[in-house]
Structure formats: C-alpha cells, structure tokens
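Notes follow the structure.
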Amino acid sequence: MFKLYKIMFLSTLMIGTLISISSYSWMGMWLGLEINLLAIIPLMNNSKNLFSSEASLKYFITQAMASTVLLFAIILMSQTFIINLNINNPLLLMFNSALLTKMGAAPFHFWFPEVMEGLSWMNCMIMLTWQKIAPMIMLMYNINMTMFFSIIIMFSMLVSGILGLNQTSMRKILAYSSINHIGWMISSMFFMETVWFYYFIIYTIISMNIIFMLKILNIYYMKQLFTSLNSNTMVKMFFILNFMSLGGLPPFLGFFPKWLTIQTLIQNSMYLLTFTMVMMTLLTLFYYMRITFSTLILNTAETNFYKNMPLSNFFILTSNFLTIMGLSFCTLTFNIL
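Quick note on numbering: the sequence shown equals residues 1 to 337 in the UniProt record's numbering.
What follows is the structure, given as structure tokens:
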C-alpha cells in the first residue's frame with residue numbers, strides 16, 4: 001500500500017533536486033542537496049526489510065560527510081573571491097570530490113553497494129537514477145578538469161568491472177553497473193551536455209525495465225533468478241535483452257548513448273580514454289553475459305518466487321518495446337531531424 005507520507009517525501013525529494021539544478025548560487029545548490037537528503041532517509045526505512053535502517057544510516061553518514069566537505073569548499077571559494085577557477089585549484093578538487101562521493105563514483109564508491117544491498121527495489125530505482133541528477137548537473141559547471149575526471153572515469157570502469165565479477169546479489173550487480181555508467185556519463189559531459197542527457201534518459205529506461213521485472217518476480221539473488229525465470233519464457237527473453245542493452249550491445253537501445261559518447265570523444269582526439277573505457281566495459285559485459293547465458297542454459301523446476309500478476313506480462317511487454325526497437329527508433333528520429 002502506497003502511504004500518504006511517501007507522496008510528501010517523494011515531492012520533497014523532487015523539489016530538492018529541482019532547487020539544486022535551477023539555483024544561481026553554490027549555496028542554493030548545497031541547500032537543494034540537503035533537502036533531497038532529508039527527504040530520502042524516511043523513504044529508505046522499510047519495516048519489512050531488516051537491513052533498511054542500516055542502509056539509511058550508512059547513506060546519511062556518507063552524504064552528511066560529503067555535504068560538509070562541499071559546504072567547506074563553497075565557503076572557502078567565496079571567501080577567497082575566486083572568479084575564474086583555476087583547473088589545478090585544490091578547492092575545486094575538494095568540491096568535485098564531494099559531488100563524486102554523493103553520486104557514488106569510484107574511488108568514492110565505498111558506501112554505494114552496501115547501501116543498495118539493504119534497500120527495496122523502488123528505493124534502488126531512486127538511488128540509481130534520480131539521486132544522480134543534481135550532482136551530475138553540478139559537475140557540468142566544473143567539467144574542464146579533464147585530467148582529474150579522466151582518472152575518475154578509469155577508476156570507475158576498473159572498479160565496477162573487477163568487483164562486480166564475483167557478486168551474486170542482483171542489487172550489488174546493478175550498483176557496480178551504475179558505477180560503470182557513471183564513468184560513461186561523466187565522459188559524455190566533456191564536450192556536449194546533450195549527449196549526457198540522452199545517456200541518462202536511456203539508462204533510466206533500461207534500469208526501470210530491469211528493476212520492474214525483478215520486483216514482479218521478487219528476485220534479489222542470482223540463485224532465485226535462475227529458478228524464477230523458467231516460469232515465464234517471455235519475461236526471461238525480455239530480461240536477457242535488457243541486460244544486453246545495459247551492456248551496450250549494438251541492436252539495442254543501450255548502444256545508442258555509448259555510440260554518441262565514443263563518437264564525441266574521438267572527434268576531440270581523446271583516443272586513449274576511449275580505448276580504456278571500451279576495454280574496461282568488456283569486464284562488466286562479461287558478468288552481464290554470465291547472467292544471461294546461465295539463465296538460458298540452466299533449466300530448473302518452477303518455484304513460487306514468481307508473483308502471478310494478471311497484467312504483469314502486458315506491462316513488461318509495453319515497457320520493453322523501446323529496448324527492442326530503440327536503436328531503429330533513435331536512428332529514424334535523428335535522420336528526420
């Protein structure tokens with residue numbers, strides 16, 4: 001049952017993000033982030049999940065520390081009257097590090113998988129998508145620190161690839177996948193903010209599809225995944241197609257933003273970064289393929305993990321249409337425009 005207080009906190013959550021991205025001052029942006037933080041903590045607490053209180057406490061402590069560093073950097077920058085911020089300015093480095101901690105980019109990712117593990121699927125959805133908007137847009141104002149962000153991107157790719165290999169929890173797999181996509185999103189902001197917008201929208205669509213199916217099937221671990229998907233062949237195929245799309249394989253929607261990002265980086269002579277990103281993404285693609293191949297090959301007895309909802313197949317069919325026809329749709333749209 002969707003309780004009334006959740007509507008209030010969800011509205012406050014959205015207002016906090018909108019204040020951050022529409023503010024003219026750094027202090028206003030910081031205020032918006034704090035409103036956003038105070039609104040999401042009650043949403044994370046769930047009496048049905050024993051680990052939700054632990055996850056919300058970890059999230060609050062980490063975000064409060066990042067907010068303190070962010071506020072400290074803003075005050076010092078305003079006191080020293082820095083108008084044209086130097087690329088090598090330590091205050092700007094501190095400012096960007098706090099924002100990267102808030103969004104969970106490596107090497108500031110230490111809290112992200114652990115917090116994700118204690119959340120419900122709907123809260124995971126908010127954490128993977130909406131909570132990235134405000135810090136990402138604030139980073140756009142300081143994206144000229146190319147060397148610093150290139151190191152962050154490579155760290156994010158490497159960490160998400162290696163640490164995601166031995167995970168059995170679907171929430172942690174999606175958390176490490178998100179760290180990988182953060183690297184791609186930061187690189188897409190270097191030269192053209194529009195590419196970041198396309199990337200974020202498409203990543204949100206694919207994540208919603210995957211989380212919606214995992215919620216319907218009541219799946220949290222890979223062992224449940226193998227047994228549950230045999231009860232519905234159509235859901236199994238859509239699940240596999242969405243993970244292929246999340247990995248960026250060509251016929252699907254997820255390839256489109258990666259293609260735009262690679263094209264933009266190569267046009268601006270960032271060959272080494274592009275090569276490193278593509279090679280490191282192969283590691284994440286490996287554990288996506290491990291999930292999909294295991295699901296296809298293993299044939300186990302049907303279990304009661306699947307919650308039989310009358311309209312679930314219809315919703316899954318409509319929500320996954322963009323994933324299947326996405327690349328053709330995007331190509332047609334851009335040719336018309």
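Using N, Cα and C, we set each Cβ at its ideal position, and we do this for glycine too.
If you're wondering where the values come from, they're calculated on a predicted model, not measured in any experiment.
Cα separation between residue i and residue j?
i           : j      : result
THR17       : TYR24  : 14 Å
MET213      : PRO90  : 44 Å
GLY183      : SER52  : 27 Å
CYS124      : ILE133 : 15 Å
PRO42       : GLN267 : 45 Å
HIS109      : THR101 : 7 Å
ARG171      : TYR220 : 7 Å
ASN144      : ASN96  : 11 Å
GLY288      : ASN166 : First, the residue type needs correcting, since residue 288 is Tyr and not Gly in the sequence shown. Their backbone Cα atoms lie some 12 Å apart in a straight line.
ASN242      : THR323 : 7 Å
LYS3        : SER150 : 43 Å
ILE7        : MET280 : 40 Å
LEU10       : ILE216 : 22 Å
ASN49       : LEU260 : 40 Å
MET138      : TRP26  : 9 Å
MET192      : MET140 : 10 Å
SER228      : ASN36  : 36 Å
MET325      : MET234 : 16 Å
MET103      : SER22  : 18 Å
LEU99       : THR292 : 34 Å
PHE305      : SER160 : Bear in mind that a pLDDT of 46 at PHE305, under 50, signals an unreliable position, so the model cannot answer this.
ARG290      : LEU253 : 20 Å
THR12       : ALA64  : 18 Å
LEU76       : LEU70  : 10 Å
PHE226      : ILE173 : 15 Å
ALA66       : PHE190 : 23 Å
residue 341 : THR194 : Given a span of 1 to 337 for the chain in the structure shown, any question on residue 341 remains unanswerable.
THR284      : TRP121 : 21 Å
Going by CA-CA distance only, name the one from the options that's closest to residue i.
i      : options                        : result
TYR199 : GLY247, PHE293, SER160, PHE155 : GLY247
LEU249 : ASN49, ILE35, PHE286, LYS215   : PHE286
MET127 : LYS223, SER177, SER245         : SER177
ALA55  : ILE7, MET27, MET77, GLU114     : GLU114
MET185 : ALA175, PHE197, LEU174         : PHE197
THR68  : TRP30, MET77, TRP121, MET192   : TRP30
SER319 : ASN209, SER245, THR62          : ASN209
ILE74  : MET94, SER245, ILE7, PRO135    : MET94
LEU317 : PHE238, TRP259, THR264, MET122 : PHE238
ILE179 : MET157, PHE190, LEU272, LYS48  : MET157
PHE148 : SER20, LEU92, ILE35            : LEU92
TRP130 : SER160, SER207, PHE190         : SER207
LEU57  : MET116, LEU76, TRP26, MET103   : MET116
ALA175 : THR62, ALA106, LEU282          : ALA106
VAL278 : MET154, GLN63, MET222, PRO251  : MET154
LEU282 : THR194, GLY164, PHE226, LEU76  : GLY164
LEU272 : MET77, LEU253, TYR203, THR146  : THR146
PHE256 : GLU34, ILE202, MET222, PHE60   : ILE202
ILE205 : ILE152, SER245, ILE240, GLN224 : SER245
ILE152 : PHE321, THR276, ILE15          : THR276
TRP111 : TRP121, MET136, LEU33, PHE60   : PHE60
LEU119 : ILE15, MET14, ILE211           : ILE211
SER328 : PRO251, THR274, MET14          : PRO251
So who's on the other strand from residue i, going by DSSP bridges?
i      : result
TYR221 : SER169
State buried or exposed for residue i, treating a residue as buried only when at least 16 other CB atoms are found within 10 Å of its CB.
i      : result
TYR5   : exposed
THR168 : exposed
SER269 : exposed
LEU296 : exposed
ASN45  : exposed
GLY28  : exposed
SER294 : exposed
GLN263 : exposed
THR303 : Any reading at THR303 needs caution, since the residue's pLDDT is 48, under 50, leaving its predicted position unreliable; the model's value is listed next. Answer is exposed; the Cβ neighbour count stays below 16.
LYS307 : Low per-residue confidence applies at LYS307: pLDDT is 49, beneath 50, and the placement is therefore not dependable enough to give any value.
MET309 : In this prediction, MET309 scores a pLDDT of 49, lower than 50, which makes its location untrustworthy; no coordinate-derived value is stated.
ALA39  : buried
ASN218 : exposed
MET1   : With a pLDDT of 49 at MET1, under the threshold of 50, the predicted position of this residue should be treated as unreliable, and no value is reported.
SER188 : buried
LYS236 : buried
LYS223 : exposed
THR62  : buried
Taking 8 Å as the line, does the beta carbon of residue i fall inside it for any heavy atom of the ligand FAD?
i      : result
PHE197 : Ligands displayed in this structure: none; no statement on the ligand FAD is therefore possible.
- Taking only runs that begin and end inside the segment 225–278, name each unbroken alpha helix (DSSP H) of 4 or more residues, in chain order. 233–247, 255–267
- Message: Give the list of continuous beta strand (DSSP E) stretches no shorter than 3 residues that lie fully inside the segment 39–74.
- Response: none
- Quick one: complete alpha helix (DSSP H) runs, 4+ long, within the segment 137–206? 146–163, 170–188
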